[in-house]
Amino acid sequence: MRNLTLGSLFDGSGGFPLAGLLAGIVPIWSSEIEPFAIRVTEKRLPQVQHFGNISGLHGAKLPPVDIITFGSPCQDMSIAGKRTGLNGSRSSLFHEAIRIIREMRCASNGKYPRYIVWENVPGAFSSNGGEDFRCVLEAICSVKDS
91 MRNLTLGSLF DGSGGFPLAG LLAGIVPIWS SEIEPFAIRV TEKRLPQVQH FGNISGLHGA
151 KLPPVDIITF GSPCQDMSIA GKRTGLNGSR SSLFHEAIRI IREMRCASNG KYPRYIVWEN
211 VPGAFSSNGG EDFRCVLEAI CSVKDS
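If you read the sequence shown in our numbering, its first letter stands for residue 91, the second for the next number, and so on.
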């Protein structure tokens, strides 16, 4: 049996890929824009290919992976922020991750990714009276139909 593979969107300093590696999962690629975070990942996980800004990526052109992880920007859903939710300039990038996942699924005839993992702040549950979390769940559930 082959090891599962992983791609990480909004990678930060590579927490998901590192955890995956420790669990026997092979991290393949990541997307991140912060230079320091990228340098950390390059140092800790030199085998991971970096693709930069999520907005310029196309899921069909990325190496297909079993798992896509993403911790989309949380500032607009955090109770510490202005709570503009998924319509906010940063948290709306959630939709970019869903787009990439759909593109990869379409290009692989629904085979990849097999799993997606989204993480965010607790405020995501209550942002816009819970409506944002409902939208997140609907978007994630609709990926299987892509």
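Beta carbons: idealized from backbone N, C-alpha and C, even for Gly.
In this text, all values refer to a predicted model and were calculated from it rather than measured experimentally.
Can you name the start and end residues of the alpha helix (DSSP H) that residue i belongs to?
i: Gly-97; result: Here Gly-97 belongs to no alpha helix (DSSP H); instead the beta strand (DSSP E) covers 95–99.
i: Phe-141; result: Careful: Phe-141 lies outside any alpha helix (DSSP H) and carries neither H nor E.
i: Phe-184; result: 184–197
Taking only heavy atoms of the ligand COA into account, decide whether any of them is closer than 6 Å to the Cβ of residue i.
i: Ile-128; result: Ligands in the displayed structure: none, and consequently the ligand COA is not present.
Specify the secondary structure class of residue i as computed by DSSP and reduced to three states.
i: Pro-117; result: strand
i: Ile-230; result: helix
i: Ile-123; result: coil
i: Lys-201; result: coil
i: Gly-149; result: helix
i: Lys-133; result: helix
i: Ser-216; result: coil
i: Arg-92; result: coil
i: Arg-180; result: coil
Between which two residues does the beta strand (DSSP E) carrying residue i extend?
i: Phe-106; result: Segment 105–112 is the alpha helix (DSSP H) holding Phe-106; no beta strand (DSSP E) there.
i: Phe-160; result: 157–160
i: Tyr-205; result: 205–208
Near residue i, what residues of its chain come up, given a Cβ to Cβ distance below 6 Å and the 5 sequence neighbours on each side ignored?
i: Leu-99; result: Ser-121, Ile-144, Phe-160 and Ala-187
i: Ala-229; result: Ile-188
Quick one: Cα of residue i to Cα of residue j, how far?
i: Asp-235; j: Trp-119; result: 24 Å
i: Leu-152; j: Asp-101; result: 15 Å
i: Tyr-205; j: Arg-195; result: 11 Å
i: Arg-180; j: Phe-106; result: 20 Å
i: Ser-216; j: Phe-223; result: 7 Å
i: Met-91; j: Ile-115; result: 12 Å
i: Leu-183; j: Asn-210; result: 13 Å
i: Leu-147; j: Ala-170; result: 30 Å
i: Arg-192; j: Gly-149; result: 7 Å
i: Leu-227; j: Gly-219; result: 15 Å
Tell me which same chain residues have a C-beta within less than 7 Å of the C-beta of residue i, skipping the five on either side of it?
i: Ala-113; result: none
i: Ile-123; result: Gly-142 and Asn-143
i: Leu-108; result: Arg-134 and Leu-135
Go through its chain and collect everything with a Cβ distance to residue i's Cβ below 8 Å, but skip five positions before and after it.
i: Tyr-202; result: Pro-154, Val-155, Asp-156, Met-194 and Arg-195
i: Val-130; result: Ser-103 and Gly-104
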